[in-house]
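A.B. asks: As they're listed, the protein sequences go chains A and B.
Counting from 1, position 41 in the first sequence corresponds to residue 41 in our numbering; the numbering is continuous, with no gaps.
For any residue, its number in our numbering is found by taking its place in the second sequence, counting from 1, and adding 71.
A virtual CB, placed ideally from N, CA and C, is assigned to each residue, including glycine.
Every value quoted in this text rests on a predicted model; they were computed, and no experiment measured them.
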Amino acid sequence: MKVRGTVEFRDIEMGVWVLAGDDGKTYQLAGGRSSLLKEGQRVEVEGDVDGGAMGVAMVGPVLRVHGFKVV
Amino acid sequence: MRSGWCLGGALLLAAACAPSPARTKVTPAGSARVSAVPHALVIDFRDGTPAEEVAERARRWGLPLRFNSVEGTRSGIAIADGVDDVDAALARVRGDADVEVAEPLVQVQALAFTPNDPEFGKQWNLRMIHMPEAWDISRGKGVTVAVIDTGIAYEDRDDFVQIPDLAGARFVEGYDFVNDTTHPNDENGHGTHVAGTIAQRTNNGVGVAGVAFEARLMPLKVLDRSGIGNSADIADAIRWAVDHGAKVLNLSLGGPGYSGVMERAVAYARSKGAVVVCAAGNSGQGQVSYPAAYAGAVAVGAVGPDGQLAPYSSYGEALDIVAPGGNTRLGPGNGILQATIDRSDFRKPVLAEYQGTSMATPHVAGVAALLFAAGAKSPDEVERALYAGARSEGAWTPRAGHGRLDALGALNALGKTAPGVDWTPLVWSAALLALLLLSLQTKVRPGFLNVLLNPATLLPLLLSTVGLWFLKLLWQRFIGHPPSAAEVLSLPLPDWERILFGRGRLASPLMYSALVPAVTALVAVKWRALRPVVAGLSLGFSAFLLYAAWAKAPGIAYLPFTFLARPWLVLNGLLAALVCRAMLRREARR
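#1: Please report the residue range of the beta strand (DSSP E) in which Y425/B lies.
#2: Would you kindly report the start and end of the unbroken beta strand (DSSP E) that includes V277/B?
#3: Could you give the distance in angstroms between the alpha-carbon of G480/B and the alpha-carbon of A20/A?
#4: Determine, for T6/A, whether the minimum Cβ-Cβ distance to residues of chain B falls below 8 Å.
#5: Identify the residues that DSSP records as bridge partners of W17/A: which are they?
#6: Nearest chain A C-beta to L390/B closer than 8 Å, yes or no?
#7: Kindly list the residues whose CB is nearer than 7 Å to the CB of F612/B, restricted to its own chain and excluding five residues on each side of it in sequence; keep chain order.
#8: Quick one: which chain B residues come within Cβ less than 7 Å of G51/A?
#9: Compare the Cα-Cα distances from H434/B to each of E452/B, F417/B, Q409/B, D413/B and report the closest residue.
#10: From the beta carbon of T399/B, is the nearest beta carbon of chain A less than 8 Å away?
#11: Which residues of chain A have a Cβ atom closer than 7 Å to the Cβ of R414/B, listed in chain order?
#12: In this structure, how does DSSP classify S91/B when only helix, strand and coil are distinguished?
#13: Are three or more beta carbon pairs between the stretch 4-13 of chain A and the stretch 34-44 of chain A nearer than 8 Å?
#14: Does the Cβ of R414/B have 16 or more other Cβ atoms within 10 Å, making it buried, or fewer, making it exposed?
#15: Taking C-beta pairs closer than 9 Å, name the residues in chain B that A20/A reaches, listed in chain order.
#16: Could you list which residues in chain A have their beta carbon closer than 8 Å to that of A350/B, in chain order?
#17: At a CB-CB cut-off below 7 Å, which residues of chain D make contact with Y383/B?
#18: In chain order, what residues of the stretch 289-307 of chain B put their CB closer than 7 Å to some CB of chain A?
#19: V62/A touches chain B at which residues, Cβ-Cβ below 8 Å?
#20: Output, in chain order, the set of chain A residues within a Cβ distance shorter than 7 Å of N405/B.
#21: Under 8 Å between the Cβ atoms of L294/B and V65/A?
#22: Using a Cβ cut-off of 8 Å, pull out every chain A residue sitting near N250/B, in sequence order please.
#23: Rounded to whole angstroms, what's the CA-CA distance from T273/B to K193/B? Just pull it up for me.
#24: Which runs of the alpha helix (DSSP H) fall wholly inside the stretch 217-280 of chain B and span at least 4 residues, in chain order?
#25: For G55/A, which residues in chain B fall below 7 Å Cβ to Cβ?
#26: Does the stretch 148-160 of chain B come within contact of the stretch 124-138 of chain B, defined as at least 3 CB pairs closer than 8 Å?
#27: Whose Cβ in chain A lies nearer than 8 Å to the Cβ of T428/B?
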């Protein structure tokens with residue numbers, strides 16, 4: 001799936017990078033190149049929501065990143 | 072007629088003025104520590120000694136003597152401070168005929184254990200839940216708490232280290248479900264931080280303190296270096312923990328996805344007598360994450376140092392309790408400080424301040440361990456004490472659950488929280504009965520005592536207001552700990568829904584309504600002998616529902632908005648009262 005949104009760092013738990021999606025959802029970003037993780041960067045992420053994933057961040061579904069492009 | 076309504080109204084008002092049982096009082100620990108205040112003394116003059124005479128003696132003895140309070144002119148209690156030689160002054164004073172007692176002034180304070188950990192002063196979170204006072208009662212000795220997380224920095228092995236502030240802490244064997252080894256070392260820092268809140272080595276002159284520092288920690292690693300794991304590993308770890316003797320399970324983790332496997336694991340843990348404490352989630356929205364949202368779990372939300380729900384904390388229907396989780400938006404020092412490993416170098420011990428519902432959860436798990444160590448026998452007992460001891464404004468709410476965790480309150484509530492007999496609904500029903508009878512015409516009005524002395528009416532009335540209250544007492548006296556069915560039957564009849572629907576946070580609208588009175592009344596239309604029974608039942612339901620509405624408890628399931636619960640209860644209470652009135656009237660005409 002593809003999700004458009006803004007990359008943000010949240011100071012929750014150990015700190016977590018999220019994609020504040022234009023669909024209104026907050027995704028926890030997992031995997032992907034470090035160039036994705038820039039505060040405020042507008043991107044379109046290609047990836048899969050990992051429905052079985054659980055973690056310490058608990059901010060929203062985990063999005064396993066396969067690739068992205070800056071928009 | 073009109074005066075009758077007024078009388079009934081007055082009775083209702085009198086019943087409404089009875090104290091609310093929904094509020095929880097927290098009393099300080101029973102014992103106290105006494106120490107002398109330097110350079111100060113207290114003199115108890117003969118009662119009624121006037122101020123002028125006290126002033127005259129103050130000059131004669133050279134003491135800055137003054138009445139202790141406005142009560143002084145009656146009690147004669149005066150104090151002086153800044154006295155160089157208290158003993159010499161007391162010797163001068165004691166010869167006076169008007170002096171009944173003279174002694175050094177002593178300071179009295181509730182006993183409180185203050186650990187010597189150098190950073191303890193920064194742990195506002197532990198003071199907020201009254202840990203110093205609670206430590207005098209319990210420190211969690213002998214209870215095993217499983218930390219199901221990223222592992223714990225608990226041993227020096229290969230590159231891994233034991234952090235200094237866990238040296239000497241008690242550990243039992245754990246497991247690493249991520250790498251399938253028996254060495255659940257932490258590569259992330261989260262699990263070590265959480266374990267620290269539960270049982271950081273305390274009073275060791277190093278770092279910070281932990282809630283249940285005499286408890287044993289069981290490290291179970293289910294999350295990888297990035298803090299992510301899967302439901303299968305977590306479900307396995309939950310079962311592993313209880314099978315290896317853990318009484319408290321801390322799950323500072325979660326996700327939005329429901330998992331039947333994990334829900335069964337939580338139910339299994341509970342059935343084996345363990346308390347499962349889970350983080351409510353950090354979405355900041357009205358939806359508690361899993362596993363916290365499963366029925367057998369204690370869902371923990373987070374508050375900041377101001378006691379307000381933290382902006383990131385999830386909340387909602389499944390929330391049980393809130394605990395300090397920090398709010399760093401209020402500035403530095405407002406997170407939860409604990410010893411752990413550096414998040415970018417797991418070989419480096421650090422003191423770190425984090426915020427999250429993960430940080431709130433181990434406070435509750437730690438207090439659960441204190442409760443088990445203090446004699447709690449079952450997860451039900453632990454949860455009742457946690458909720459009864461929590462600081463709250465009244466009933467359960469979606470943003471505070473049962474209130475804010477209080478360790479001292481929970482320990483004081485332990486053993487006192489078995490649902491006692493609450494006679495208030497019965498008082499309400501008597502008032503309501505008077506009102507209903509007075510609303511009937513004189514010629515169809517049966518006497519007040521005639522109704523109450525009729526066993527056919529009185530028994531269902533008792534059942535629906537106080538339940539089989541004696542059952543539980545007899546069971547405890549002659550058999551032992553009553554099974555949950557006996558506990559439920561000891562409750563008012565509308566609460567027997569718990570047999571049908573289990574222990575939920577919300578009451579079922581089938582039983583918390585006028586449905587039962589209405590249906591039985593339909594039967595009584597044909598079968599006249601049933602009318603006194605239905606009258607008693609309806610009266611009891613009516614009083615119970617109105618009382619529940621007044622006491623703001625509990626929420627009703629399936630209603631679209633929380634605020635509709637009270638109108639629902641009032642409406643159904645009035646309907647049940649109408650049924651009762653109809654039954655009384657027909658009975659009178661017979």
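C.D. replies: If we stick to the structure as given:
#1: 416-425
#2: Run containing V277/B: none; DSSP gives neither H nor E here.
#3: 41 Å
#4: no
#5: F9/A
#6: no
#7: S535, P565, A585, V587, P588, A647
#8: G328
#9: Q409/B
#10: yes
#11: M14
#12: Bear in mind that the predicted position of S91/B carries a pLDDT of just 35, short of 50, making it unreliable; the figure below should be weighed with that in mind. Coil, per DSSP.
#13: yes
#14: buried
#15: Ordered by position in chain B, no residue passes the 9 Å Cβ test against A20/A, which lies about 12 Å from the chain.
#16: M58
#17: Of the protein chains in this structure, namely A and B, none is chain D.
#18: L294, S297, G298, I299, G300, N301, S302, I305
#19: I299, G326
#20: The premise fails here: N405/B is roughly 12 Å from chain A at the closest Cβ pair, so nothing lies under 7 Å.
#21: no
#22: Here the premise fails: no neighbours, minimum Cβ distance about 17 Å.
#23: 14 Å
#24: 261-270
#25: L294, G298, I299, G300, L324, G326
#26: yes
#27: M58
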